[in-house]
Amino acid sequence: MLAQQRQQAILDRVRAEGGVRVADLVRELGVSDMTIRRDLEVLADRGMLAKVHGGATALGPGSTEEPGFVAKSARQQQEKEAIARRAARLVRPGTAVALSAGTTTWALAHHLVAVAELTVITNSIPVAEVFHRTPRADRTVVLTGGVRTPSDALVGPVAVAAIRRLHVDTLFLGVHGMSTRAGFTTPNLLESETDRELVTAAGRLVVLADHTKWNTVGISTIADLSEADLVVSDPALPEEARAELSERACEVIIAEGTQ
Numbered sequence: 001m002l003a004q005q006r007q008q009a010i011l012d013r014v015r016a017e018g019g020v021r022v023a024d025l026v027r028e029l030g031v032s033d034m035t036i037r038r039d040l041e042v043l044a045d046r047g048m049l050a051k052v053h054g055g056a057t058a059l060g061p062g063s064t065e066e067p068g069f070v071a072k073s074a075r076q077q078q079e080k081e082a083i084a085r086r087a088a089r090l091v092r093p094g095t096a097v098a099l100s101a102g103t104t105t106w107a108l109a110h111h112l113v114a115v116a117e118l119t120v121i122t123n124s125i126p127v128a129e130v131f132h133r134t135p136r137a138d139r140t141v142v143l144t145g146g147v148r149t150p151s152d153a154l155v156g157p158v159a160v161a162a163i164r165r166l167h168v169d170t171l172f173l174g175v176h177g178m179s180t181r182a183g184f185t186t187p188n189l190l191e192s193e194t195d196r197e198l199v200t201a202a203g204r205l206v207v208l209a210d211h212t213k214w215n216t217v218g219i220s221t222i223a224d225l226s227e228a229d230l231v232v233s234d235p236a237l238p239e240e241a242r243a244e245l246s247e248r249a250c251e252v253i254i255a256e257g258t259q
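When we follow my numbering, the leftmost residue of the sequence shown carries the number 1, and every step to the right adds one.
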């Protein structure tokens, strides 16, 4: 295999899976460790991927890039569904939960429609619509007001004021990215303020984030990694991420069934 073909194969793998390990590429492509590292160096110099310890990851989006809800819902569908299914097991009947905006929390909402005596607080229009389409007499849903973002979140002073006097047992937080340096982040300044208010209102913080969110950084921090009680992700979450999250007192739950 020519170097150009090998580098294209590496790039295709990174784009498809979000990241690669040198050891896996050595085994799969049948070349030396040094050759793979040289290929990664070339691709990184061209701005096509980011080198990390032991491998490479796809370049994250810009810190203020905010895709629309429909665009985001098409990404990592299998991983998000598995994460949502696993997260739903954390919800007991008769409790109050908050669901932030996001396509993974939207997937979670579908798994909570059958939970009895549930109170749901959300700033997500699509999440509220899931519960509206399947009404229950024993369920209460509170949709905050606010300014609508491209991802269909309601944010800003009205949303913050609506949340400020509320208290919930658990917040399920969707995030744009998570990293050691920046914590859990969003590309929208007003959304970070609203999400921080949700974090304050919750007795327990559960972050729902697939593996592609690791080392992606939005412009504004919602919370430090250490503030999360649980992070639910998928099997492709790098070992580096699992170790870093665990070090900061977060329990990491891996949702199986995505590979």
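Note that CB positions come from ideal geometry on N, CA and C, so glycine has one too.
Original post:
Would you say A128 and H111 are within 8 Å of each other, going by their C-beta atoms?
Top reply: no
Original post:
What did DSSP end up calling M178 once you bin it into helix, strand or coil?
Top reply: strand
Original post:
When we look at the beta-carbon of R15 and count the other beta-carbons within 10 Å, is it buried (16 or more) or exposed?
Top reply: exposed
**OP:** Run the CB neighbour count on R164, radius 10 Å, all protein chains shown included, and call it buried at 16 or more, exposed below.
**Re:** Sixteen is the threshold: since fewer than 16 other Cβ atoms of the shown chains lie within 10 Å of the Cβ of R164, the residue is exposed.
Original post:
At which residues does the beta strand (DSSP E) containing R204 begin and terminate?
Top reply: Secondary structure note for R204: its beta strand (DSSP E) is the uninterrupted segment A202 to L208.
**OP:** Could you say which of G102, G94, P93 and R92 lies nearest to I83 if we only look at CA atoms?
**Re:** G102
Subject >> Backbone secondary structure at T186 - three-state DSSP >> reply: Three-state DSSP puts T186 in a strand.
**OP:** Determine the DSSP secondary structure at P235, reduced to helix, strand or coil.
**Re:** coil
**OP:** Leaving out five residues on either side along the sequence, give the residues of the same chain with a beta carbon under 8 Å from the beta carbon of E244.
**Re:** T180 and L225
Original post:
Between L25 and S32, what straight-line distance do the alpha-carbon atoms span, to the nearest angstrom?
Top reply: 9 Å
Original post:
Which of helix, strand or coil does DSSP assign to A159?
Top reply: helix
Original post:
What number of angstroms, rounded off, separates the C-alpha of T149 from the C-alpha of G30?
Top reply: 47 Å
Subject >> Three-state secondary structure assigned by DSSP to D224 >> reply: coil
**OP:** Going by CA-CA distance only, name the one from V142, G54, I254 and G55 that's closest to L208.
**Re:** I254
Subject >> Per-residue DSSP class, three states only, for I219 >> reply: coil
Original post:
Would you call G18 buried or exposed, if buried means 16 or more other Cβ atoms sit within 10 Å of its Cβ?
Top reply: buried
Subject >> Reduced DSSP secondary structure (H/G/I, E/B, other) of R85 >> reply: helix
Original post:
In whole angstroms, what separates the C-alpha of T200 from that of E191?
Top reply: 14 Å
Subject >> Helix, strand or coil at D229 [DSSP, three-state] >> reply: coil
Subject >> Boundaries of the beta strand (DSSP E) in which E251 is found, first to last residue >> reply: E251 to I254
Original post:
Residue range of the beta strand (DSSP E) that L99 falls in?
Top reply: A96 to L99
Subject >> Neighbourhood of V20 by C-beta, 6 Å cutoff - its chain only, sequence neighbours within 5 removed >> reply: R13, V14, G55 and A56
Original post:
Quick one: what's A44 bridged to in DSSP?
Top reply: None, per the DSSP bridge assignment.
**OP:** Would you give the residue range spanned by the beta strand (DSSP E) that L291 belongs to?
**Re:** Residue coverage of the chain in this structure runs from 1 to 259, which leaves residue 291 outside it and unanswerable.
Original post:
When burial is assigned at 16 or more other CB atoms within 10 Å of the CB, is P126 buried or exposed?
Top reply: buried
Subject >> Cβ-Cβ distance between P184 and A137 below 8 Å >> reply: As written in the sequence, residue 184 is Phe, which differs from the Pro given in the question. No, the pair does not count as a contact, with Cβ atoms beyond the cut-off.
Original post:
Is DSSP giving D152 helix, strand or coil here?
Top reply: Here D152 sits in coil by DSSP.
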